[in-house]
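A.B. asks: Each step along the sequence shown adds one to the number in full-length UniProt numbering, with nothing skipped, and position 21 is 21.
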Amino acid sequence: MVLIGGTAIGGGEGQVLRSFVGALIIMTLTVGMLILVPAYYQTLVIGGALLAEAASNHLISSNRSEE
């Protein structure tokens with residue numbers, strides 16, 4: 001399982017900078033929606049961003065393993 005920024009829960013791959021950038025993206029989305037978007041929709045947008053990140057990370061790692 002991989003968290004934001006490519007850092008694996010079980011150890012191994014990942015970089016501090018990538019994790020920082022991932023957390024910064026989530027915080028930017030959260031703060032940007034704070035005033036104009038209801039809390040329910042904020043949760044949906046953050047969840048969608050996390051799912052998109054997980055899917056892209058899976059595609060990238062599967063492409064690397066094929067090479």
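We put the beta carbon where it would ideally sit given N, CA and C, even for glycine.
Under 8 Å, with one C-beta from each stretch per pair, do the segment 31-43 and the segment 53-65 reach the 3-pair mark?
C.D. replies: no
A.B. asks: Cα separation between residue 47 and residue 24?
C.D. replies: 15 Å
A.B. asks: I need the DSSP call for residue 51, collapsed to helix, strand or coil.
C.D. replies: helix
A.B. asks: Does the separation of the CB atoms of residue 55 and residue 26 fall below 8 Å?
C.D. replies: no
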